[in-house]
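Colleague: The following block contains the structure, expressed as structure tokens.
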Amino acid sequence: MAKFKGAVVVNTERCKGCDLCVQACPSHVLGLADQVNSKGYHFSEMKHEDDCVGCSACGYVCPDACITVYKVKIQ
Amino acid sequence: MTTKDIINPANLVYSKAKLMTENPMHYCPGCSHGVVHKLIAEVIEEMDIQDKTIGVAPVGCAVFAYNYIDIDWQEAAHGRAPALATAIKRLQPDKFVFTYQGDGDLAAIGTAETIHACNRGENIAIFFVNNAIYGMTGGQMAPTTLEGMKTATCPMGRNTELNGYPLKISNLLAELDGTCYVTRQSVQKMASIVRAKKAIRKAFENSMAGKGTSVVEFVSTCNSGWKMSPHDSNKWMEENMFPVYPLGDLKDTEKK
Numbered sequence: 000m001a002k003f004k005g006a007v008v009v010n011t012e013r014c015k016g017c018d019l020c021v022q023a024c025p026s027h028v029l030g031l032a033d034q035v036n037s038k039g040y041h042f043s044e045m046k047h048e049d050d051c052v053g054c055s056a057c058g059y060v061c062p063d064a065c066i067t068v069y070k071v072k073i074q
Numbered sequence: 000m001t002t003k004d005i006i007n008p009a010n011l012v013y014s015k016a017k018l019m020t021e022n023p024m025h026y027c028p029g030c031s032h033g034v035v036h037k038l039i040a041e042v043i044e045e046m047d048i049q050d051k052t053i054g055v056a057p058v059g060c061a062v063f064a065y066n067y068i069d070i071d072w073q074e075a076a077h078g079r080a081p082a083l084a085t086a087i088k089r090l091q092p093d094k095f096v097f098t099y100q101g102d103g104d105l106a107a108i109g110t111a112e113t114i115h116a117c118n119r120g121e122n123i124a125i126f127f128v129n130n131a132i133y134g135m136t137g138g139q140m141a142p143t144t145l146e147g148m149k150t151a152t153c154p155m156g157r158n159t160e161l162n163g164y165p166l167k168i169s170n171l172l173a174e175l176d177g178t179c180y181v182t183r184q185s186v187q188k189m190a191s192i193v194r195a196k197k198a199i200r201k202a203f204e205n206s207m208a209g210k211g212t213s214v215v216e217f218v219s220t221c222n223s224g225w226k227m228s229p230h231d232s233n234k235w236m237e238e239n240m241f242p243v244y245p246l247g248d249l250k251d252t253e254k255k
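Just so you know, the protein sequences line up as chains A and B, in that order. So the first sequence is numbered by numbering that gives the first Met the number 0: it starts at 0 and just counts up by one. So the second sequence is numbered by numbering that gives the first Met the number 0: it starts at 0 and just counts up by one.
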């Protein structure tokens with residue numbers, strides 16, 4: 000079975016730290032950062048980069064359209 | 000392969016729709032409105048109808064919808080979005096016209112306009128975001144508020160003897176001969192978001208095919224009005240809203 004590896008880029012200034020992407024991620028890749036953005040929100044970030052499979056569930060549920068997902072197939 | 004190598008435009012699988020502007024949305028963190036905005040922008044982009052689409056923004060939380068999707072918009076008086084959309088569509092029949100309304104706008108002050116626009120079978124799409132509460136004004140009881148649900152104006156829970164029953168406006172609209180497609184969707188999970196997107200696309204296509212009015216209701220959350228976290232509101236919605244507002248197509252004239 001081919002394996003996929005993904006990467007998530009969060010627009011940290013746009014993110015409001017609603018936690019929906021963290022809950023939606025089936026691989027538990029995302030988490031809220033300890034730092035805050037200029038509005039004071041704990042933005043979302045990749046905590047376990049190696050586990051991401053690029054399924055885009057985080058991007059779909061994000062209400063603020065701040066997530067970009069990349070995905071590659073690993074032979 | 001490191002994460003840095005993967006982040007490359009060639010590997011892109013999901014990104015913000017180009018039609019969404021860079022303005023940060025004013026909605027509370029975790030609000031369903033953002034997802035619905037995003038889906039409408041994605042559908043317009045996929046159908047390549049940016050220059051032919053006119054949206055009608057409501058009064059309510061989504062009053063600034065025109066700041067977030069880069070198409071032509073018109074702001075309606077409270078509840079009058081379907082009346083305004085009727086005029087736009089009749090004057091410019093080659094345009095895709097849709098209204099974007101909340102439950103206070105569509106099911107309370109705008110009930111007459113909504114029912115009559117649907118009864119006339121205007122070729123518009125109505126997107127209805129139902130979160131069972133007045134979000135913008137501070138969480139007061141709406142016609143769609145569930146029985147027993149606590150809000151700022153019914154702190155002991157909605158009493159049906161005093162306040163009546165939750166208004167299932169989509170079921171009412173499905174009874175009218177003018178509507179061609181009435182569906183109820185939600186946007187809390189990836190699978191439901193994909194289904195909701197298909198419904199939006201179908202509503203746009205119906206409006207141009209001249210079949211009648213299409214209504215897409217989104218059962219949504221209002222985490223600040225409900226005083227819960229976004230994740231808890233999604234769970235609360237699944238447990239309490241879905242039994243009263245079951246998801247699925249209420250009417251589809253194509254299937255007959």
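Virtual Cβ for every residue (Gly too), placed ideally from N, Cα, C.
With a Cβ-Cβ cutoff of 7 Å, do Ala64(A) and Ile6(B) count as a contact?
Modeller: no
Colleague: Taking a cut of 8 Å between CB atoms, which residues from the segment 16-35 of chain A lie near chain B?
Modeller: Listed by position along the chain: Gly16, Cys17, Asp18, Leu19, Gln22 and Ala23.
Colleague: Rounded to the nearest angstrom, what separates Val243(B) and Lys197(B) at their Cα positions?
Modeller: 23 Å
Colleague: For a contact defined as C-beta to C-beta under 7 Å, what are the partners of Trp30(B) on chain A?
Modeller: The displayed chain sequence assigns Cys, not Trp, to residue 30(B). What Cys30(B) touches in chain A: Pro62.
Colleague: Which runs of the alpha helix (DSSP H) at least 4 residues long sit entirely within the segment 193-249 of chain B? Give them in chain order.
Modeller: 222-225 and 229-235
Colleague: Please name the residue or residues paired with Phe97(B) in a DSSP beta bridge.
Modeller: Phe97(B) is bridged to Gly54(B) and Ala124(B).
Colleague: Could you tell me whether any non-hydrogen atom of the ligand GDP is closer than 6 Å to the CB of Cys24(A)?
Modeller: With respect to the ligand GDP, the structure shown offers nothing to examine, as it has no ligands at all.
Colleague: Using 8 Å as the cut-off, can you tell me whether the segment 32-42 of chain A makes contact with the segment 8-18 of chain A, which would need three or more C-beta pairs spanning the two stretches below that distance?
Modeller: Taking 8 Å as the limit for Cβ pairs, the verdict is that the segment 8-18 of chain A does touch the segment 32-42 of chain A.
Colleague: Which residues bound the alpha helix (DSSP H) around Met46(B)?
Modeller: Ser31 to Met46
Colleague: Any idea if Ser213(B) is buried or exposed, counting beta-carbon neighbours within 10 angstroms, 16 or more meaning buried?
Modeller: Result: buried.
Colleague: Note down, in chain order, every chain A residue with its Cβ under 8 Å from the Cβ of Met0(B).
Modeller: Lys4, Val71 and Ile73
Colleague: On a Cα-Cα basis, can you pick out the residue from Thr52(B), Asp93(B) and Tyr26(B) that is closest to Phe63(B)?
Modeller: Tyr26(B)
Colleague: For Gln22(A), report the span of its alpha helix (DSSP H) as first-last.
Modeller: Leu19 to Ala23
Colleague: Rounded to the nearest angstrom, what separates Asp18(A) and Cys57(A) at their Cα positions?
Modeller: Rounded to whole angstroms, Asp18(A) and Cys57(A) show a C-alpha spacing of 10 Å.
Colleague: State the Cα-Cα distance for the pair Lys234(B) and Gly29(B), rounded to the nearest angstrom.
Modeller: 13 Å
Colleague: Listed from N- to C-terminal order along the chain, which residues in the segment 39-69 of chain A have their beta-carbon within a distance smaller than 9 Å of any beta-carbon of chain B?
Modeller: Tyr40, Met45, Glu48, Asp49, Cys51, Gly53, Cys54, Ser55, Ala56, Cys57, Gly58, Tyr59, Val60, Cys61, Pro62, Asp63, Ala64, Cys65, Ile66, Thr67, Val68 and Tyr69
Colleague: Under a three-way DSSP split, which group does Gly177(B) fall into?
Modeller: In the structure shown, Gly177(B) adopts coil according to DSSP, grouped into three states.
Colleague: In angstroms, rounded to a whole number, what distance separates the CA positions of Thr20(B) and Ile68(B)?
Modeller: 6 Å
Colleague: Anyone know if the C-beta pair for Tyr180(B) and Asn205(B) falls short of 7 Å?
Modeller: Tyr180(B) is a Cβ neighbour of Asn205(B), given a cutoff of 7 Å.
Colleague: Given Ala107(B), which residues of its chain have a CB within under 8 Å of its CB, disregarding the five upstream and five downstream residues?
Modeller: Within its own chain, the residues whose Cβ lies closer than 8 Å to the Cβ of Ala107(B), once the five positions on either side in sequence are excluded, are Gly78, Ala141 and Pro142, listed in chain order.
Colleague: Taking 7 Å as the CB-CB cut-off, is Ser169(B) touching chain A?
Modeller: Under the Cβ distance rule, Ser169(B) does not count among the residues neighbouring chain A, no pair being separated by less than 7 Å.
Colleague: Whose C-beta lies closer than 6 Å to the C-beta of Ala75(B) among residues of the same chain, with five residues either side of it excluded?
Modeller: Val55 and Leu83
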